[in-house]
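Participant: Sharing a structure, written as structure tokens. Questions coming.
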Amino acid sequence: MIKSAPSHRARLSRPALRAALLLAPALLLSACAALRPAATAPAAPLPTAPFVLLGEVHDNPAHHLERAAQLRRLLADGRRSTVVFEQMGRDQDAALAAAPREAEAQSQAGGLDRQGWRWPLHKPLFEAALAGQAQLRGGNISREQARALVRQGEAAWPEDLLPLKLATPWAPAQQQALQAEIEQGHCGAMPARLLPGMVLAQRGRDAAMAQAMLQARAAGAERVILIAGNGHVRRDLAVPLYLQAAGVPAEQIHVQAYLEQASGPAAAEPQTALYDRVVRTAKAQREDPCAALRQTGKS
């Protein structure tokens, strides 16, 4: 648990800061859910790239059903495939290999936080991957590693991910853009002193997922598919950036975002540079994720 600073140094009360940090794994990428939408692309044939990234708004059931159908179509071609899940830890390969090839067993072996990810929302994806004879793999750093990055900064960066981090270009503009997304995803309530650490934790997640994809490819997968939030699949800041730094040509990476319908200027705002294709669905019914932070901020 990250300890809050003395109240005179923080912008939030202790209860508010505690709520912000407890919500961090879910909200940290609510940036995944809070990204501004891109222009809808026309229907396209199934991607043939060896690296396929499928985004999501985490709590939208339609996104999981749509991507499960996409997975079934992709895997029907019989290519040897691995599906990497953001929702599982990257250190669970042995447990996954030993577990029965069934969605409940695989999700538990992979360390999926059933409450945090609202299982069985992602169950259709597990079922589709297993039905298609794909290997399953976790791609995320642990919650403890993420918290260490927030608390300790660069000193806590995982040693095995350091070469990939050093090889990946990272400009001040990218730092500012990711920080802005995280701040928005935390309802503007995260103390400024924590934002650099939150950015680093996000980069750690992206680097870990990219490495899991690279390792799966090196182990013989003809195609590797990532299941992750939209914030993790965007080309300018996230997993594709690390894949390219490792030598994967941009044209071998296909990025597909699943976004919610919007209206007004945001809906017309083109962001084709972020994704290769966009699928839109109706907005999911949900409570205001910022309500708890606003309420504790008053206490």
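The sequence shown maps to residues -33 to -1, 1 to 266 in mature numbering (1 follows the signal peptide of the UniProt record, and there is no 0). Using N, Cα and C, we set each Cβ at its ideal position, and we do this for glycine too.
(1) When the Cα atoms are used, what is the spatial distance from A233 to A61?
(2) In three-state terms, what does DSSP make of P9?
(3) Check this for me: beta carbons of E33 and I194, under 9 Å apart or not?
(4) Could you pull out every unbroken beta strand (DSSP E) segment of at least 3 residues lying fully inside the region 202 to 236, listed in chain order?
(5) Considering only the alpha carbon of each residue, which of D58, R253, H25 and A229 lies closest to G106?
(6) Starting from the N-terminal side, write out each stretch of the alpha helix (DSSP H) that is 4 residues or longer and does not extend beyond the region 27 to 68.
(7) Any idea what DSSP makes of V245, helix, strand or coil?
(8) Which residue wins for smallest C-alpha separation from L13, given the options Y242, L42 and P130?
(9) Spell out a yes or no on whether the region 185 to 205 and the region 12 to 30 are touching, meaning 3 or more CB-CB pairs, one atom from each, closer than 8 Å.
(10) For R46, I'd like the list of residues in its chain whose CB is within less than 6 Å of its CB, leaving aside the five on either flank, ordered along the chain.
(11) Who are the near neighbours of V117 in its chain, counting only those whose CB is closer than 7 Å to its CB and skipping five residues on each side?
(12) Assuming L129 and L204 form a contact by the criterion Cβ under 8 Å, report the distance between their Cβ atoms to the nearest whole angstrom.
(13) Are Q35 and E94 close, meaning C-beta to C-beta below 9 Å?
(14) Would you be able to state if there are at least three C-beta pairs under 8 Å between the region 203 to 222 and the region 72 to 87?
(15) Taking its Cβ as the centre, do 16 or more other Cβ atoms sit within 10 Å of L(-12), making it buried, or is it exposed?
(16) Among residues of its own chain, excluding the 5 on either side of G120, which ones have a beta-carbon nearer than 8 Å to its beta-carbon?
(17) Let me confirm a value: L92 is counted as buried when at least 16 other C-beta atoms fall within 10 Å, else exposed. Which label applies?
(18) Below 8 Å CB to CB, which residues in the same chain sit around A72 once its five sequence neighbours on both sides are set aside?
(19) In whole angstroms, give me the CA-to-CA distance for G83 and E23.
(20) If A224 sits next to V245, beta carbons under 8 Å apart, how far is it from one beta carbon to the other, in whole angstroms?
(21) Could I get the ranges of all uninterrupted alpha helix (DSSP H) runs contained in the region 109 to 179, with 4 residues as the minimum, in chain order?
(22) At what residues does the alpha helix (DSSP H) containing G198 begin and finish?
(23) To the nearest angstrom, how far is the alpha carbon of residue 292 from that of L181?
(24) For the beta strand (DSSP E) holding L103, just list the boundary residues, first then last.
(25) On the DSSP letters alone, give me the boundaries of the beta strand (DSSP E) that L21 sits inside.
(26) Which whole-angstrom value is the C-beta distance of G171 and W124, which I expect to be below 8 Å?
(27) Considering L193, what are the terminal residues of the beta strand (DSSP E) in which it resides?
(28) Express the C-alpha separation of A159 and A147 in angstroms, rounding to a whole number.
(29) If I measure Cβ to Cβ from A8 and keep anything under 6 Å in the same chain, skipping five residues before and after, which residues do I get?
(30) Put S(-4) into one of helix, strand or coil per three-state DSSP.
(31) Determine whether the beta carbon atoms of D80 and A251 lie at a separation below 9 Å.
Facilitator: Result, derived from the coordinates:
(1) Translated into the one-based positions of the sequence shown, residue 233 becomes position 266. Translated into the one-based positions of the sequence shown, residue 61 becomes position 94. Only weak support is given to the placement of A233: the predicted model assigns it a pLDDT of 48, under 50, and the value that follows is read from those uncertain coordinates. Answer to the nearest angstrom: the Cα atoms are 44 Å apart.
(2) Within the sequence shown, the letter at position 42 stands for residue 9. Reliability of the predicted coordinates at P9 is poor, the pLDDT of 46 falling under 50, and the value obtained from them is presented with this limitation in mind. Coil.
(3) Against the sequence shown, residue 33 aligns to sequence position 66. Against the sequence shown, residue 194 aligns to sequence position 227. No, the Cβ-Cβ distance between E33 and I194 is not below 9 Å.
(4) 220 to 227
(5) Here the question's residue 106 lines up with position 139 in the sequence shown. Taking only the C-alpha atoms, the option nearest G106 is D58.
(6) 28 to 42 and 60 to 65
(7) Counting from 1 along the sequence shown, the entry for residue 245 is found at position 278. Of the three classes helix, strand and coil, the one that applies to V245 here is strand, per DSSP.
(8) The residue labelled residue 13 in the question sits at position 46 within the sequence shown. Nearest C-alpha to L13: L42.
(9) yes
(10) Translated into positions along the sequence shown, residue 46 becomes position 79. Answer for R46: E189 and R190, listed in chain order.
(11) Reading the sequence shown from its first residue, position 150 is the one you call residue 117. So the qualifying residues of the chain are I(-32), L161, G164, M165 and A168.
(12) In the sequence shown, residue 129 corresponds to position 162, counting from 1. In the sequence shown, residue 204 corresponds to position 237, counting from 1. No, L129 and L204 are not in contact; Cβ-Cβ is about 19 Å, not under 8 Å.
(13) Locating residue 35 in the sequence shown gives position 68, counting from the first residue. Locating residue 94 in the sequence shown gives position 127, counting from the first residue. In the sequence under discussion, the amino acid at residue 35 is Ala, which differs from the Gln named in the question. Yes, they are a contact pair.
(14) no
(15) As a working note, residue -12 is residue 22 in the sequence shown. Because L(-12) sits at a pLDDT of 40, beneath the cut-off of 50, its placement in the model cannot be relied upon, and the following sentence gives the value as read from the coordinates. Exposed.
(16) Looking up residue 120 in the sequence shown gives position 153. Correct list, in chain order: P163, G164 and L167.
(17) For this step, residue 92 is matched to residue 125 along the sequence shown. By the beta-carbon neighbour count (other beta carbons within 10 angstroms, threshold 16), L92 is buried.
(18) Against the sequence shown, residue 72 aligns to sequence position 105. The beta carbon of A72 sits closer than 8 Å to those of A66, all from its chain and outside the five residues before and after it, given in chain order.
(19) Within the sequence shown, residue 83 is the residue found at index 116, counting from 1. Within the sequence shown, residue 23 is the residue found at index 56, counting from 1. Roughly 15 Å separates the two Cα atoms.
(20) To locate residue 224, count along the sequence shown from 1; it is residue 257. To locate residue 245, count along the sequence shown from 1; it is residue 278. About 5 Å separates the two Cβ atoms, so the contact holds.
(21) 110 to 119, 129 to 134 and 139 to 152
(22) Walking along the sequence shown from the start, residue 198 turns up at place 231. Note, G198: alpha helix (DSSP H), N197 to V200.
(23) Past the boundaries of the shown model lies residue 292; the chain is included only from -33 to 266, so the question cannot be answered.
(24) Numbered from its first residue, the sequence shown carries residue 103 at position 136. Segment Q102 to N107, the beta strand (DSSP E) holding L103.
(25) Residue mapping note: residue 21 aligns to position 54 of the sequence shown, counting from 1. That run of the beta strand (DSSP E) goes F18 to L21.
(26) Within the sequence shown, numbered from 1, the residue matching residue 171 stands at position 204. Within the sequence shown, numbered from 1, the residue matching residue 124 stands at position 157. With 8 Å as the limit, G171 and W124 qualify as a contact, their Cβ atoms being about 7 Å apart.
(27) Along the sequence shown, read from residue 1 onward, the residue named residue 193 stands at position 226. Note, L193: beta strand (DSSP E), R190 to I194.
(28) Your numbering for residue 147 matches position 180 in the sequence shown. Your numbering for residue 159 matches position 192 in the sequence shown. Roughly 11 Å between the two C-alpha positions.
(29) Here residue 8 corresponds to residue number 41 of the sequence shown, with the count starting at 1. Summary for A8: the model assigns pLDDT 41, below 50, so the residue's position carries little reliability; its value from the coordinates is reported in the next sentence. Taken in chain order, the residues that qualify are R244 and V245.
(30) Locating residue -4 in the sequence shown gives position 30, counting from the first residue. Low local confidence applies: a pLDDT of 41 at S(-4) is under 50, so the model's placement there is unreliable, with the coordinate-based value given in what follows. Coil at S(-4), not helix or strand.
(31) Start at 1 with the first residue of the sequence shown, and residue 80 comes out as number 113. Start at 1 with the first residue of the sequence shown, and residue 251 comes out as number 284. Not in contact: D80 and A251 (Cβ atoms no closer than 9 Å).
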